[in-house]
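**Student:** In our numbering, the protein residues as written are 1289 to 1590. Don't be surprised by glycine CBs; every beta carbon is placed ideally from N, CA and C. Treat the numbers as computed from the prediction; the structure is a model and nothing was measured. The following block contains the structure, expressed as structure tokens.
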Amino acid sequence: MIWLIGNKGMLGTEISLLLKKHDCAFTGTDREIDITDVKALAEYAQNAGRDKKITWIINCAAYTAVDKAEDDEKNCRRLNQLGAANIGECANRIKAKLIHVSTDYVFDGQGNAASGEQPRPYREDDRTNPTGVYGLTKLEGELDVMKNNPDSFIIRTSWLYGKHGGNFVHTMLRLMNERNEINVVNDQRGSPTWAFDLACVILKIIKNSDNGKEIPCGIYHFSDEGNISWFDFAKEIYIEGRMAGIIKKDCHIVPCSSAEYPARVKRPAYSVLDKSKIKAALQIDIPSWDKSLKEYIKTCAF
Ligand SMILES: NC(=O)c1ccc[n+]([C@@H]2O[C@H](COP(=O)([O-])OP(=O)(O)OC[C@H]3O[C@@H](n4cnc5c(N)ncnc54)[C@H](OP(=O)(O)O)[C@@H]3O)[C@@H](O)[C@H]2O)c1
């Protein structure tokens, strides 16, 4: 049986729906089993695993408010480091494999480029260097997960959006209906990722492993294919939203720089992930971000 932690969040809900669709035996928890409470996790594992052994834990619970984290470091670290460490320890005690979700924000967004060179997509073993509290605590969580339960998969992803939580696509669709003009930053590049695509990959890791296909534990990068700036992403959201009838009026999208749009924390300028490792391990093709956005917007229209 699978234990899905953080089952009410954006990614957790998507995984929950997919597990149901595939008739996978699973149990889900969110805030009611506090991941910072190691005893509560142990008790739940013992009770829930009584009838059916928990063989997998998927952790989607995290502190995800990137800007707020700068003024709330203690709480952010409690969730992203201590919570992750506790789940690693719990997985190790009950001998379950763990899939833990992490982020592109563990990198500084320079694309490992020496001065004058073009940035290149980040590989799993590239040097990490988070620029904010959220990225730092997620990195600390990764290290503790691996220390406490080496039988873990850590999946770093980026620019996640989906039906069941606040995200860039939702915000854009709302603002484009409210305003005549919006400014969007044009100097940060990354890969938008539909939560459904990530959910499918997580399920594939579990199914392949359970069917005897050896997938080595460790860190993997996953995002949808291709990369783009937030500005170009917003333009595509507008086109698709208009076509689907979700955006009902004209809206002018204006490019701006990060300096013109100050945020509490410096976002990575380039956070493209190299996905060769996961593609080879699972023998998969990854959908492009624009194809997935089209599919996603269709689901929003109904
Ligand atoms: N969103 C992105 O753009 C993005 C990008 C890259 C990586 N990621 C990573 O992807 C994963 C999933 O992200 P997401 O956007 O789906 O997150 P999310 O929507 O914020 O979901 C996190 C869930 O964890 C719950 N939670 C909070 N504190 C808890 C606690 N003490 N014990 C148990 N559960 C608790 C939250 O409840 P409340 O809602 O009540 O707080 C929420 O349901 C995270 O690891 C995140 O770091 C996200």
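Between the C-alpha atoms of Tyr1508 and Lys1356, what's the straight-line distance to the nearest angstrom?
**Tutor:** C-alpha separation (whole angstroms): 27 Å.
**Student:** In this structure, how does DSSP classify Ile1516 when only helix, strand and coil are distinguished?
**Tutor:** strand
**Student:** Span of the alpha helix (DSSP H) holding Glu1428?
**Tutor:** Val1421 to Asn1436
**Student:** Compute the minimum distance between the beta carbon of Val1389 and the heavy atoms of ligand 1, and state whether it is under 7 Å.
**Tutor:** yes
**Student:** Anyone know if the C-beta pair for Asp1396 and Pro1418 falls short of 8 Å?
**Tutor:** Contact flag set, yes.
**Student:** For ligand 1, is there a heavy atom less than 7 Å away from the beta-carbon of Ile1345?
**Tutor:** The closest heavy atom of ligand 1 lies 7 Å or more from the beta carbon of Ile1345.
**Student:** Any chance the CB of Ile1323 is under 7 Å from a heavy atom of ligand 1?
**Tutor:** In this structure, Ile1323 has its CB closer than 7 Å to one or more heavy atoms of ligand 1.
**Student:** Since Leu1461 and Gly1529 are thought to touch, with beta carbons under 8 Å apart, how far apart are those beta carbons, to the nearest angstrom?
**Tutor:** About 5 Å; that satisfies the 8 Å criterion.
**Student:** Taking 7 Å as the cut-off, is the beta-carbon of Arg1555 closer than that to any non-hydrogen atom of ligand 1?
**Tutor:** no
**Student:** How would you call Gly1454, buried or exposed, if buried means at least 16 neighbouring beta carbons within 10 angstroms?
**Tutor:** exposed
**Student:** Decide if Lys1385 is buried, meaning its Cβ has at least 16 other Cβ atoms within 10 Å, or exposed.
**Tutor:** buried
**Student:** Sorted by chain position, which residues of the same chain lie with C-beta nearer than 6 Å to Val1489's C-beta, five sequence neighbours on each side aside?
**Tutor:** Phe1510
**Student:** Does ligand 1 have a heavy atom nearer than 7 Å to the CB of Thr1606?
**Tutor:** Nothing in the structure corresponds to residue 1606, since the chain is present only between 1289 and 1590.
**Student:** Is it a yes or a no for the stretch 1318-1328 touching the stretch 1510-1521, going by three-plus beta-carbon pairs under 8 Å?
**Tutor:** no
**Student:** Taking its Cβ as the centre, do 16 or more other Cβ atoms sit within 10 Å of Thr1317, making it buried, or is it exposed?
**Tutor:** When all chains shown are included, Thr1317 counts as buried.
**Student:** Go through its chain and collect everything with a Cβ distance to Lys1586's Cβ below 7 Å, but skip five positions before and after it.
**Tutor:** Beyond the five residues adjoining it in sequence on each side, Lys1586 comes within less than 7 Å, by CB distance, of Ala1532 in the same chain, given in chain order.
**Student:** Alpha carbon to alpha carbon, what distance is there between Lys1492 and Lys1567?
**Tutor:** 11 Å
**Student:** From Pro1575 to Asp1485, what does the alpha carbon distance come to, in whole angstroms?
**Tutor:** 8 Å
**Student:** Could you please give me the residues that DSSP links to Pro1409 through a beta bridge?
**Tutor:** None; Pro1409 has no bridge partner.
**Student:** Taking only heavy atoms of ligand 1 into account, decide whether any of them is closer than 7 Å to the Cβ of Asn1318.
**Tutor:** The question names Asn, but residue 1318 is Asp in the sequence shown. Within the cutoff, so yes.
**Student:** Should Pro1543 and Val1472 be called a contact, given that it needs their Cβ atoms to be closer than 8 Å?
**Tutor:** yes
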